[in-house]
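One structure below.
Number of protein chains: 2
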Amino acid sequence: MPKRVDHEHRRQQIAAAVRRIAADRGLEGVSLNEVAAEAGISKGFVQHYFASRDDMLRFATTTLRSGLEERITAAPPEADPTVRDLLVALLPLDDAARDDALVANAFLVRALKDAEIAGHFRTGHGQLRDAVAAMIAAARDDGDLLPTVEPATEAGLLLALMSGLGDAVLLGYQTGEEAVALIDLHLSRITATPRKTP
Amino acid sequence: MPKRVDHEHRRQQIAAAVRRIAADRGLEGVSLNEVAAEAGISKGFVQHYFASRDDMLRFATTTLRSGLEERITAAPPEADPTVRDLLVALLPLDDAARDDALVANAFLVRALKDAEIAGHFRTGHGQLRDAVAAMIAAARDDGDLLPTVEPATEAGLLLALMSGLGDAVLLGYQTGEEAVALIDLHLSRITATPRKTP
Chain E
1 MPKRVDHEHR RQQIAAAVRR IAADRGLEGV SLNEVAAEAG ISKGFVQHYF
51 ASRDDMLRFA TTTLRSGLEE RITAAPPEAD PTVRDLLVAL LPLDDAARDD
101 ALVANAFLVR ALKDAEIAGH FRTGHGQLRD AVAAMIAAAR DDGDLLPTVE
151 PATEAGLLLA LMSGLGDAVL LGYQTGEEAV ALIDLHLSRI TATPRKTP
Chain H
1 MPKRVDHEHR RQQIAAAVRR IAADRGLEGV SLNEVAAEAG ISKGFVQHYF
51 ASRDDMLRFA TTTLRSGLEE RITAAPPEAD PTVRDLLVAL LPLDDAARDD
101 ALVANAFLVR ALKDAEIAGH FRTGHGQLRD AVAAMIAAAR DDGDLLPTVE
151 PATEAGLLLA LMSGLGDAVL LGYQTGEEAV ALIDLHLSRI TATPRKTP
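Chain order of the listed sequences is E and H. Numbering (the numbering used here) for the first sequence: 1 to 198. Numbering (the numbering used here) for the second sequence: 1 to 198.
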């Protein structure tokens, strides 16, 4: 099915151009002209793959989380990442993570007006929250976190904190090191006192 | 100086129109045409008060925090607001607070590309952080919070949490009630054990 593959490849290529422009100058920079130029294809080609700008923006939001997932799963399997590793990977501490955060911010206002985009955001958040909650539950059951920690609630709190810390780093309110120190401060409050080795 | 007053009044009127459009459809909706229509004045009039769209956007960012400050100071002085009151006032739980949060989000990507707007954001954040830190220091010194709480650090952590919770409420990840419960969960971890009355 070469034609089908090519179609999907082109749409991904256009979505990548949308993400780059959105990260650089927000959705106000995402015009047909700019996307065509950024993707290195003609305007007619863009219009062939997307019936409207809204269609293009909606498709682009389905591609937002892949970068994050790649960074999280990039850790070698034997590393057995901790909750802290996962949280630090959520901070915009390198160019790729920074671009992901900028794109998510660029789409936020639109997500509130577009039920389909809001749905993509909620699905992505739900998956991330479930993943964090599962890691918290495992750490609690291993005795690393306090037994009173409720995984789903704590995951919601941590993801809100990470979202805010991400913006704080982008805006220069906190350095990356300060943001990591605040994660550690928060985790220290839910960490169980080390068990004595028998 | 009626002329000077009128000039400032007009600029505020235009900034309010910019904020309403930004809250509704992001900066991508803020064009000369739309602002003039929203403010109920002619395009020429808008151009008379602002040399460029960038000038208009920069001025609008100087007017962002006033709504927040009004809500915080709206509490009667005898109420002696707590840290919790202040934090809850930061959540987008009513239309005014929701619009403030939307406008701040709409300007975020631009703030990263425009040193002047970034400066306005940082100044506003610094003032808010100082205010929260002072309330935390007072609560700690009164014995309400743990003596180990470091006011400036805790204020940074709390404001990041509030920023993330605000987005979570806007996007429907958390209800307002859930967000308030997460604030209470966080505060419970830095609250001193009640002192015995002698």
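For every residue, glycine included, the Cβ atom is placed at its ideal position computed from N, Cα and C.
Open item on the list: Let me see if you follow: with CB-CB separation under 7 Å, is Ala168 of chain H close to chain E or not?
Closed with: Residue numbering aside, residue 168 of chain H sits at position 168 when the second sequence is read from its first letter. Closer than 7 Å to some Cβ of chain E, the Cβ of Ala168 of chain H qualifies, so yes.
Open item on the list: Any contact between the region 88-100 of chain H and the region 116-124 of chain H? By contact I mean 3 or more CB pairs, one from each, below 8 Å.
Closed with: no
- [ ] Compute the Euclidean distance between the alpha carbons of Pro151 of chain H and Leu159 of chain H, then round it to the nearest angstrom.
- [x] Translated into the one-based positions of the second sequence, residue 151 of chain H becomes position 151. Translated into the one-based positions of the second sequence, residue 159 of chain H becomes position 159. Distance between the alpha carbons of Pro151 of chain H and Leu159 of chain H: 12 Å.
Open item on the list: Using CA atoms only, rank isn't needed, just tell me which of E:Ile136, E:Arg19, E:Thr191, E:Asp85 is closest to Leu146 of chain E.
Closed with: Here the question's residue 146 of chain E lines up with position 146 in the first sequence. For the residues E:Ile136, E:Arg19, E:Thr191, E:Asp85, the minimum Cα distance to Leu146 of chain E belongs to E:Thr191.
- [ ] Run the CB neighbour count on Glu177 of chain E, radius 10 Å, all protein chains shown included, and call it buried at 16 or more, exposed below.
- [x] Walking along the first sequence from the start, residue 177 of chain E turns up at place 177. Result: exposed.
TODO: Answer yes or no: do Leu165 of chain H and Ala179 of chain H have a C-beta to C-beta separation smaller than 7 Å?
DONE: Residue 165 of chain H sits at position 165 when you count from the first residue of the second sequence. Residue 179 of chain H sits at position 179 when you count from the first residue of the second sequence. Yes, they are a contact pair.
Open item on the list: If the criterion is Cβ atoms closer than 7 Å, does the pair Ala60 of chain H and Ala15 of chain H meet it?
Closed with: Taking the first residue of the second sequence as position 1, residue 60 of chain H is located at position 60. Taking the first residue of the second sequence as position 1, residue 15 of chain H is located at position 15. In this structure, Ala15 of chain H lies closer than 7 Å to Ala60 of chain H by Cβ.
Open item on the list: Could you compute how far the alpha carbon of Ala17 of chain E sits from the alpha carbon of Val35 of chain E?
Closed with: Mapped onto the first sequence, residue 17 of chain E falls at position 17. Mapped onto the first sequence, residue 35 of chain E falls at position 35. If you take the alpha carbons of Ala17 of chain E and Val35 of chain E, they lie about 6 Å apart.
Task: Cross-chain neighbours of Arg20 of chain H in chain B, by beta carbon under 9 Å - done: As a matter of chain content, chain B is missing from the structure shown, whose protein chains are E and H.
Open item on the list: In the DSSP assignment, the alpha helix (DSSP H) including Gly164 of chain H goes from what residue to what residue?
Closed with: Position 164 of the second sequence holds residue 164 of chain H. That run of the alpha helix (DSSP H) goes 151-170.
- [ ] On the DSSP bridge assignment, give the partners of Leu108 of chain H in chain order.
- [x] Taking the second sequence and counting its residues from 1, one reaches residue 108 of chain H at position 108. For Leu108 of chain H, which the question treats as bridged, DSSP gives no partner whatsoever.
Task: Cβ of Arg189 of chain E within 7 Å of any chain H Cβ - done: In the first sequence, residue 189 of chain E corresponds to position 189, counting from 1. Yes, its Cβ sits closer than 7 Å to a Cβ of chain H.
Task: Per DSSP, the bridge partner or partners of Pro191 of chain H - done: Taking the first residue of the second sequence as 1, we reach residue 191 of chain H at position 191. This sequence places Thr at residue 191 of chain H; Pro is not what is there. H:Leu145.
- [ ] Locate the alpha helix (DSSP H) running through Asp54 of chain E, then write down its first and last residues.
- [x] In the first sequence, residue 54 of chain E corresponds to position 54, counting from 1. Asp54 of chain E -> alpha helix (DSSP H) spans 53-61.
Task: Endpoints, alpha helix (DSSP H) assigned at Glu38 of chain H - done: Counting from 1 along the second sequence, the entry for residue 38 of chain H is found at position 38. Run containing Glu38 of chain H: 32-39, per the alpha helix (DSSP H) assignment.
Task: Neighbour flag for Glu28 of chain E against chain H, beta carbons, 7 Å - done: The residue labelled residue 28 of chain E in the question sits at position 28 within the first sequence. Cβ-Cβ to chain H under 7 Å: yes for Glu28 of chain E.
Task: Same chain, Cβ closer than 7 Å to Arg84 of chain E, neighbours up to 5 away in sequence not counted - done: In the first sequence, residue 84 of chain E corresponds to position 84, counting from 1. Contacts found: Ile183, Leu187.
Task: Integer Cβ distance of Leu91 of chain E from Met135 of chain E, believed to fall under 8 Å - done: Within the first sequence, the letter at position 91 stands for residue 91 of chain E. Within the first sequence, the letter at position 135 stands for residue 135 of chain E. 16 Å between Cβ atoms; not a contact.
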